[in-house]
Amino acid sequence: MGGFIGFLMPEVDFARSTSLVNLLQKNSRKLEGISDYYGYRVLVARNLASVFAELHRAGHHMIDLKPANLRFYPAVSWMAVVDADGFSIAGANGRLGALQLSDEYIAPESWKRKPVELGVEQDLFALAGVIFQLLNNGVHPFAGTVTGSVATDLQTRIIEGLYPYAIAPCAGLTPSTASIHRMFRRTTREMFDAAFLTCQRPSAEQWRDHLDELVAQLVPCAARPGEHVHFGAGCGFCGHEARVQAVRGTPRRMAQPRRVVPPSPVPRPIHQPIAVLQAPRRRRTAASFTIRSSMLAAVIAGLIVASERLLQEIVARQAHAAALPKPNPIFEGTVAAFSEPHEYLILPRGDGERASLREGPGERYAALDSLTLSDELSGTGSTIAEGGARWIFVSRGDGASGFLPATELVAKGDVVAPLVCPAGRTCNDATVSRREDMIGLRYRELLGRSKRADRLLLEAGQRVWQAERGRCNRQERPVPCRIEASTRRMSALDAFAIGDRS
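Residues are numbered in the working numbering as their position in the sequence shown, beginning at 1, plus a constant of 43.
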């Protein structure tokens, strides 16, 4: 009698919620039927900060904080945090450290440290990154153009401090063309500068309070009040659209400004209790799971906030915008949304040309941008073009999005999959990493220039090698085993390249 037999925790409703990744890009919002009103994204950012203010107040940290681990309910703007079984949990008998960390959101000082060693500063860096993306058209804070550095991936740019959106950026850094950061208030930009360039990062509570102020001070755009709002320094969205039209060289009829009565200030949202955690997907020990989950279930209730008046305003503005004349759509076909975003890499083309990101699924649609082999893409849906070819809707880290044929993409995990290393063993070193990276590049090169039958052979061989890597990690000495496996795989790829299919 009275013994612990379990606990109840709310379930995240995956049918009514969606990944935060889908809120970051315009086309993803269209696919998911999410409001395109900018004030909605500001409100979601505010609710996200509120969640982490309460989490940190209780002494816990998420550590692996990134858009893919966050979900929200579009109907009410509530946030939900998933993968909670990997949190860093403060308990009565000590702390249970975090178990995982993801590139592109790792603070510079956290790069060489294990997840179990990290705390609130890692959360604050990643939280600022996600808020930046919500406020800035989905653009990652370290995306843009860099000259004078060999840093091509976002995590290396983070480590080197290559932040192009600072009030006084370093020479050689150019913001993404999709960025609207210049319309941010000075205080907002100062907070982002502190988050990304110093170790004196704003707390989650400071972000929540600041975003409260921004929600109350939104100014509707005179040209497109149904979607565009700004913070008093002019509409960054209209400026971005004008730049895009200038690059395309096509004239665009500008909407005539209409007199808009500014809305009354939106009051601070009223807190409403809602639970935000789902049961963990990765298996842990029963004791670890019980301790982590029970503590989290006790502290996460009531973290989420919704602003009823702002949501009513969104509905009214969307209805008003729906009655206005719409420009001719570029693509109105059906896109089947993925249940979760897929990570892709570009395959080299046989003709040596770069892959083109297009406005629609097919060569007849305008090319928006060219892609490089270093670009990492997030796919959120697919469609079938005329002729039966499958095209994927993808987004790049700098906010650029569009369609690519599936034949020009490869799943990132199919090239060199991440592996789990058993506790107490060394599974990797510089030699292993270098050889496996070379195999990944060689595999992509051959896959990009091969026809269907040869592609199937390459894919089968790569799967065999991936399985062999996993077996090596279960041996007493994983490193020599993986070096030997990599040597054999590279020899097989070289033989394939010269036509030996044996």
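Every residue, glycine too, gets a C-beta built ideally from N, C-alpha and C.
Legend entry - Terminal residues of the alpha helix (DSSP H) in which residue 122 lies: Here residue 122 belongs to no alpha helix (DSSP H); instead the beta strand (DSSP E) covers 121-124.
Inset, instruction - Report yes if the CB atom of residue 390 is closer than 7 Å to the CB atom of residue 517, and no otherwise. - result: no
Inset, instruction - Take the Cβ of residue 207 as the centre, count every other Cβ of all protein chains shown within 10 Å, and call the residue buried at 16 or more, exposed below. - result: Around the beta carbon of residue 207, a 10 Å sphere encloses 16 or more other beta carbons of the protein chains shown; the residue is thus reported as buried.
Legend entry - DSSP bridge partner residues for residue 445 (one or two, in chain order): DSSP, once it has assigned bridges, lists 437 as partnering residue 445.
Inset, instruction - Count the other CB atoms, across all protein chains shown, that sit within 10 Å of the CB of residue 534; report buried if there are 16 or more and exposed otherwise. - result: exposed
Inset, instruction - Check whether the segment 232-244 touches the segment 167-181, counting contact only when three or more Cβ pairs, one atom from each stretch, lie closer than 8 Å. - result: Touching, per the Cβ criterion.
Inset, instruction - Please state whether DSSP places residue 268 in a helix, a strand or coil. - result: coil
Inset, instruction - Mark residue 68 as exposed unless 16 or more other C-beta atoms lie within 10 angstroms of its C-beta, in which case mark it buried. - result: buried
Inset, instruction - Confirm, please, whether the CB-CB distance from residue 274 to residue 229 is below 7 Å. - result: 7 Å or more divides the Cβ of residue 229 from the Cβ of residue 274.
Inset, instruction - State the DSSP-derived secondary structure class of residue 457, mapped to helix, strand or coil. - result: helix
Inset, instruction - Kindly indicate which three-state DSSP category residue 94 falls into: helix, strand or coil? - result: helix
Inset, instruction - With DSSP as the reference, label residue 48 as helix, strand or coil. - result: Looking at residue 48 - three-state DSSP - the assignment turns out to be coil, as it is neither helix nor strand.
Legend entry - Segment contact, 8 Å Cβ cut-off, at least three pairs: the segment 264-283 with the segment 198-207: no
Legend entry - Spatial distance of residue 210 from residue 232 (CA atoms): 7 Å
Inset, instruction - Quick one: measure Cβ to Cβ for residue 512 and residue 528, integer angstroms, because I've assumed they're closer than 8 Å. - result: 6 Å
Inset, instruction - Assign residue 444 to buried or exposed, taking buried as 16 or more other Cβ atoms, counted over all protein chains shown, within 10 Å of its Cβ. - result: buried
Inset, instruction - Label residue 454 either buried or exposed according to how many other C-beta atoms from any shown protein chain fall within 10 Å of its C-beta, with 16 as the threshold for buried. - result: exposed
Inset, instruction - Can you have a look at residue 382 and say buried or exposed, based on whether 16 or more other CB atoms are within 10 angstroms of its CB? - result: exposed
Inset, instruction - Can you tell me which of the three DSSP states residue 557 falls into? - result: Residue 557 lies beyond the residue range present for the chain, which begins at 44 and ends at 545; the question has no answer from this structure.
Inset, instruction - Give the single residue among 81, 495, 57, 463 whose Cα lies nearest to the Cα of residue 271. - result: That would be 81, whose Cα lies nearest to the Cα of residue 271.
Legend entry - Alpha-carbon spacing of residue 220 relative to residue 408, whole angstroms: Each residue's Cα considered, the two are about 20 Å apart.
Inset, instruction - To the nearest angstrom, report how far apart residue 194 and residue 149 are at their CA atoms. - result: 15 Å
Inset, instruction - Using alpha carbons as the reference points, say which of 225, 223, 224, 191 lies closest to residue 215. - result: 191
Legend entry - Within 7 Å, strictly: CB atoms of residue 414 and residue 398: yes
Inset, instruction - Specify the secondary structure class of residue 183 as computed by DSSP and reduced to three states. - result: coil
Inset, instruction - Taking the CB atoms as reference points, tell me whether residue 114 and residue 71 lie closer together than 7 Å. - result: no
Legend entry - Whole-angstrom distance between residue 264 and residue 501, CA atom to CA atom: So the two alpha carbons sit approximately 53 Å from each other.
Inset, instruction - Please check the pair residue 384 and residue 62, which I expect to be a contact at CB under 8 Å, by giving their CB distance rounded to whole angstroms. - result: 6 Å
Legend entry - Burial state of residue 28 (16 or more Cβ within 10 Å): The chain is shown only over 44 to 545; residue 28 falls outside these bounds and no answer can be derived.
Legend entry - Limits of the unbroken beta strand (DSSP E) element including residue 113: From DSSP, the beta strand (DSSP E) with residue 113 extends over 113-116.
Inset, instruction - Look at the alpha carbon of residue 567 and the alpha carbon of residue 121, and state the distance between them as a whole number of angstroms. - result: Here the chain comprises residues numbered 44 to 545, so residue 567 is not present and cannot be evaluated.
Legend entry - Between the CA atoms of residue 410 and residue 475 - distance to the nearest angstrom: 38 Å
Legend entry - Residue of 185, 133, 64 minimising C-alpha distance to residue 116: Closest option to residue 116, Cα to Cα, is 64.
Inset, instruction - Name the two residues that bound the continuous beta strand (DSSP E) containing residue 384. - result: 379-389
Inset, instruction - Consult DSSP for residue 103 and reduce its assignment to one of helix, strand or coil. - result: coil
Legend entry - Residues bridged to residue 132 (per DSSP): 139
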